[in-house]
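> Each residue of the sequence shown is one higher than the last, beginning at 1 in UniProt numbering.
Here you go, one structure.
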Amino acid sequence: MTTWISTPAWPTTSRPRRHCSIRTRHCAPAPPWCASTTTPGARWRRGPPTRSPSAPPTGPHTGAPRMWRPRTRGGQQFTAIDPAGVGHHIGIRLPGRYNVANCLVALAILDTVGVSPEQAVPGLREIRVPGRLEQIDRGQGFLALVDYAHKPEALRSVLTTLAHPDRRLAVVFGAGGDRDPGKRAPMGRIAAQLADLVVVTDDNPRDEDPTAIRREILAGAAEVGGDAQVVEIADRRDAIRHAVAWARPGDVVLIAGKGHETGQRGGGRVRPFDDRVELAAALEALERRA
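Next up, the structure:
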């Protein structure tokens, strides 16, 4: 059964939409490597670029494939098997199986420019990316994360990573105004399929009516018709607080869409807003009430 809760919308202006221009320049050719897929079971081959998936890239000197393979050990611990068959044990802080894949690609790229795994692994272990599955910990009994996922496949990837049958999952997100409206309903569907609590809120409405943006997301969520609780809370701060208050020990709360951003654009202005700061404040308030 789907539950709907609404709160007042953010005021808007009738300002015309802004236009922008983008300047580009040619860059140096990409290094001779490619990844055939982004799953942990993939094989990454180093060699000259190719457009045909039936023509695998080969090593620059021998013509033989240069492959890196992962062997997972559970969670973020894995072994990277280099082209010589040597295993390199790695543990990374970044959560998500796709970050294991990203780490393997990084090793393959570094190998092409002469950086050995022994040199690369210590740095990879310590990598933290602001606003990318960034954990906010204030002593609460559940996992609280902020991520930049603001497109359908990115949202699907992060929710799939976090979903687990033994814990509940909440996601707070919206969609940007003056951007592709076609992604809004799919994001609503994805969230309703994968999360237990879906809080639809404002992202960066810019010059669009935020009520209309939320309505498109909610329409997508309504198509699912599953057991997810779908809540509409226009104010993003209140939306975050709602998800935090809902969580129980062992649950996961994800604030998605803005990541590292420190401002919110809408209603003709930019106001200071950082999901990480707001989530931390909500968690601290929760701990004070406990």
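Even glycine gets a Cβ: it sits at the ideal position worked out from N, Cα and C.
Since this is a predicted model, take the numbers as computed values, not measurements.
1) Considering only C-alpha positions, which residue in the set 81, 189 and 88 is nearest to residue 197?
2) Rounded to a whole number of angstroms, what is the C-alpha to C-alpha distance between residue 226 and residue 105?
3) Could you tell me whether the segment 153–167 touches the segment 200–218, using the rule of 3 or more Cβ pairs below 8 Å?
4) Which residue wins for smallest C-alpha separation from residue 241, given the options 204, 200, 195 and 213?
5) Measure the Cβ-Cβ separation of residue 254 and residue 147 and say whether it is below 8 Å.
6) Name the one or two DSSP bridge partners that residue 90 has.
7) Can you list, in chain order, the stretches of the alpha helix (DSSP H) that have 4 or more residues and sit fully within the UniProt domain "Mur ligase C-terminal" (131–259)?
8) How big is the Cα-Cα spacing for residue 273 and residue 157?
9) Residue range of the beta strand (DSSP E) that residue 123 falls in?
10) Please state the DSSP three-state secondary structure of residue 72.
11) With which residues is residue 289 paired in a DSSP beta bridge?
12) May I ask you to list the residues that DSSP assigns as paired with residue 272?
13) So, does the segment 113–123 touch the segment 170–180, judging by three or more C-beta pairs under 8 Å?
14) When you compare the CB positions of residue 245 and residue 279, do they come within less than 8 Å of one another, or not?
15) Quick check: what's the CA-CA separation for residue 271 versus residue 145?
16) Could you tell me the distance, in whole angstroms, from the CA atom of residue 291 to the CA atom of residue 260?
17) Go to residue 105, then tell me how far its alpha helix (DSSP H) extends in each direction, as first and last residue.
18) Using the C-alpha atoms, what's the distance from residue 288 back to residue 249?
19) Quick check: is the beta carbon of residue 150 nearer than 8 Å to any beta carbon in chain B?
Checking against the coordinates, here is how it stands:
1) 189
2) 37 Å
3) no
4) 200
5) yes
6) 78
7) 152–162, 184–194, 210–224 and 236–246
8) 25 Å
9) Unbroken run through residue 123 is the alpha helix (DSSP H), 117–126; no beta strand (DSSP E).
10) strand
11) Partner(s): none; residue 289 has no beta bridge.
12) 263
13) no
14) no
15) 22 Å
16) The structure shown does not extend to residue 291, since the chain is modelled only from 1 through 290, so no value can be given for it.
17) 97–112
18) 16 Å
19) The displayed structure is made up of one protein chain only, and chain B is not part of it.
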